[in-house]
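Chains as they are written, first to last, in the numbering used here: chain C, 103 to 235; chain U, 168 to 473; chain X, 201 to 553.
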């Protein structure tokens, strides 16, 4: 499978599925136009609740990560620039996550520059095929 | 949403000993319900009431909108019950039992049953009494699935199965639930089985429900933080209703909190905490917290004794 | 066929899974009972087919018609055992309680047993009658046919009522009162009937054209009648009525079978499931089985002994009590022993069935 789900994490399982697919796409494990297993297939394969998987797929479809073609199945959507409202919402979420990072950084005494260089380093590692950071 | 199973005010006792007390229970259609409780907590009684096999002393039970009476043979066409570890149909060969089931069930799917038997490696020529108890449970499950039920009640279904077969069996169950939107109730005392599969859970403790909720909701609701904070805790934190449980381990304090995580973490930082980090919490731990919240004594909180 | 919902409930209709299951679990017992009924007659008739033993053949037929052959008493005992065994076997080997968790009606399960036991009784008696008809053709006395047919009709209904009583007692799932009343009536009624018949028919029977000096015929004292009836203690050994009285007896037996059958079914349908698992009631029930078997044993042994030796009433009572009590323990020991060796079959070792 492209990702693992750990039911013991505080993150809800459906969110782990959403994140897992997004990560797999960014890493290139799954490419645009690839067929994704159906809800039933994925649920059975990973012994996950099918309602949970369906919820994740719905969210991925809403975010235009997945595309459902009637009668053919679920596919990784072509990348489309998100709509303004969607973009704003997701931007706000990124800002919130950045604030978190900054606060946590503050407690381990990372300066602004330290944080920026750490961030760049992380991205480079990721792009050169490194594992989870 | 219609309810697959709904019980109101159900009480049942055996020879004067109360097995279930004032049970209000509803299982939404299409969900996978994890019913948790130790042996003797009333799980089996609850399931057998839902099948219409036992009759409640008080209260009302309806299954898929049908109120149960005395003779509930029709209901058992669409509600299946599989329990591990009990003798069943010892006088039959596998194929004879299959033949019986094919006559018995209105929606019998013979080819599916054959496929399941092949997958589970059950030889139709064998006597059922010669099968291992794990295989007997698997056979019951195969028959139950092939009967195309709308509600499937499982009583410790994975007891006695090795890891490979256990995974296979759970996959059959999930596949069925996804394909036919079958409602599934899994009674177990091993939480690991249902951590991934269930979307709704309930805990039975000494014949009462002490907790029923959707799994995602619990996870969003209960968190545990590991903090390093000067002692004693500030006044406002000691009396905060959001704090359910505090454990000290040397310098580190583990706090279990109710509600959103972020405001709570911020409150600790403001109170001078050096380290605030969320800790993973599995269902077992979450339920232990709920038991304590319900006011059960510490002796009773050992999970094995639940 | 498979949709039972809303189907009109008919006396003769048995859903196919119920038929399949009953035959699968109990067919050996039905066949076995049939063989046990027919074989002794087959043996007696065929071994006397030779021309010089026609007189024995005629005696066998007359014995059947007049109800004085001891094989008839064993036939009654077989009927009683069949009724108990088809329930026992289903509880043990057939895992009846497991089957009841499926979508079959309790009533259908019992109905199947009643029907199949009836068919077995009919098949057994018809086979016996065919043998006797063959014998009477061989003997060349066609006048016996009427008597054979009337006796056959009587035996079918009488034996079936015994099977139904045994079934109803088993179906009562541990209701001590029910079992007591059923077995009580079953043993007392034919006893009273037999006494009454003897009282009415005694003078005529004994005043036949007797050779020798004329004797004064007096009606027997009631104690004598009673002791005579006790010697032929019911339920499995009624004193056989003769002639037209048989039809009255047959009708009474049929009425009894219907009443006790319906009553048993009611219990069977309304007993809560946990009754089936109740160890106390379960063990109590077995005591009644032992008692039932003890009575059967006492009757058989008593009949054998009184045919050889003449006992007075008190000797007979003491003898019967000793046999009854010791056979109660003997059956109990035997059944528990069977239960140990085949743990799914017998009593006492397993509380679930």
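Backbone N, C-alpha and C define an ideal beta-carbon position, used for all residues, glycine too.
Examine the Cβ distances between the stretch 228-235 of chain U and the stretch 275-292 of chain U and report whether three or more of them are shorter than 8 Å.
With the cut-off at 8 Å, the stretch 228-235 of chain U and the stretch 275-292 of chain U do not touch.
Count the other C-beta atoms from every protein chain shown that fall within 10 angstroms of the C-beta of residue 323(U), then say buried if there are 16 or more, exposed otherwise.
By the neighbour-count rule (16 or more Cβ atoms within 10 Å), residue 323(U) is buried.
Within the stretch 291-345 of chain X, note down every full alpha helix (DSSP H) run reaching 4 residues or more, in order along the chain.
296-299, 306-339
Opposing strand residues paired with residue 370(U) [DSSP bridges]
DSSP, once it has assigned bridges, lists 203(U), 378(U) as partnering residue 370(U).
Three or more C-beta pairs below 8 Å linking the stretch 257-274 of chain U and the stretch 210-219 of chain X:
yes
Once the 5 residues before and after residue 376(U) are set aside, which same chain residues still bring their CB inside 8 Å of it?
190, 191, 192, 369, 370
Residue 449(U) CB to nearest chain C CB: under 9 Å?
Interface flag for residue 449(U) against chain C is set, since a Cβ pair is found closer than 9 Å.
Taking the alpha carbon of residue 224(U) as the point to measure from, which residue in 200(U), 245(U), 175(U) has its own alpha carbon closest?
175(U)
Nearest to residue 345(U) by CA position, among 188(U), 187(U), 197(U), is which residue?
197(U)
Spell out whether any CB of chain U is found under 9 Å from the CB atom of residue 370(X).
no
How about residue 252(U) and residue 300(U): do their beta carbons lie closer than 9 Å?
yes
Can a CB atom of chain X be found closer than 9 Å to the CB of residue 200(U)?
no
Between residue 235(X) and residue 286(X), what straight-line distance do the alpha-carbon atoms span, to the nearest angstrom?
16 Å
Residue span of the alpha helix (DSSP H) that contains residue 224(X), given as start and end:
216-247
Give the secondary structure of residue 122(C) by DSSP, where H, G and I count as helix, E and B as strand, and everything else as coil.
helix
Closer than 9 Å between beta carbons: that is the criterion. Which residues of the stretch 108-125 of chain C meet it against chain U?
108, 109, 110, 111, 112, 113, 114, 115, 116, 117
Would you say residue 141(C) lies against chain D (beta-carbon separation less than 9 Å)?
Of the protein chains in this structure, namely C, U and X, none is chain D.
For residue 120(C) and residue 107(C), which I take to be in contact (beta-carbon distance under 8 Å), what is that distance rounded to the nearest angstrom?
In fact, because the Cβ distance is near 11 Å, the residues do not count as touching under 8 Å.
Using a Cβ-Cβ cutoff of 7 Å, what residues of the stretch 322-343 of chain U are near chain C? List them in chain order.
334, 337, 338, 341, 342
Spell out whether any CB of chain X is found under 9 Å from the CB atom of residue 476(U).
Chain U is shown from 168 up to 473; residue 476(U) falls before or after that span and cannot be answered.
Using the rule of at least 16 other Cβ atoms within 10 Å of the residue's Cβ for burial, across every protein chain shown, is residue 407(X) buried or exposed?
The pLDDT assigned to residue 407(X) is 41, lower than 50, so where the model puts this residue is not dependable; a value taken from the coordinates is nonetheless given after this. Under this definition residue 407(X) is an exposed residue.
Can you have a look at residue 173(C) and say buried or exposed, based on whether 16 or more other CB atoms are within 10 angstroms of its CB?
exposed
Provide the residue span of the beta strand (DSSP E) that contains residue 179(U), from first to last.
170-181
Where residue 210(C) and residue 447(U) are concerned, what is the direct C-alpha to C-alpha distance, given to the nearest angstrom?
21 Å
Buried/exposed call for residue 432(X), threshold 16 Cβ in 10 Å
At residue 432(X) the pLDDT is 48, less than 50, meaning the model places this residue with poor confidence and gives no usable figure here.
May I ask you to report which of helix, strand or coil DSSP gives residue 364(U)?
coil
Where does the unbroken alpha helix (DSSP H) through residue 304(U) begin, and where does it stop?
300-313
Distance between beta carbons of residue 240(U) and residue 170(X), contact taken as under 8 Å:
Outside the shown range of chain X, which is 201 to 553, sits residue 170(X), and nothing can be said about it.
What residue range does the beta strand (DSSP E) around residue 294(U) cover?
Segment: none, residue 294(U) is in no beta strand (DSSP E) and carries neither H nor E.
When the distance is taken between beta carbons, is residue 205(C) closer than 9 Å to residue 521(U)?
With chain U covering 168 to 473 only, the question about residue 521(U) has no answer from this structure.
Residue 356(U) (DSSP reduced to helix, strand or coil)
coil
With a cut-off of 9 Å, does the C-beta of residue 222(U) fall near any C-beta of chain X?
yes
Does residue 284(X) have its Cβ less than 9 Å from a Cβ in chain U?
No, residue 284(X) lies away from the interface with chain U (no Cβ there is under 9 Å from its Cβ).
Would you mind working out which of 513(X), 524(X), 360(X), 345(X) sits nearest residue 324(X), comparing C-alpha positions?
Cα-wise, what sits closest to residue 324(X) is 360(X).
Let me see if you follow: with CB-CB separation under 9 Å, is residue 229(X) close to chain U or not?
Not one beta carbon of chain U lies nearer than 9 Å to the beta carbon of residue 229(X).
So, is the C-beta of residue 465(U) closer than 9 Å to a C-beta in chain C?
For residue 465(U), the pLDDT reaches just 46, beneath the cut-off of 50, and the residue's location in the model is therefore unreliable, although a value from the coordinates is still provided. For residue 465(U), the nearest beta carbon of chain C is not closer than 9 Å to its own beta carbon.
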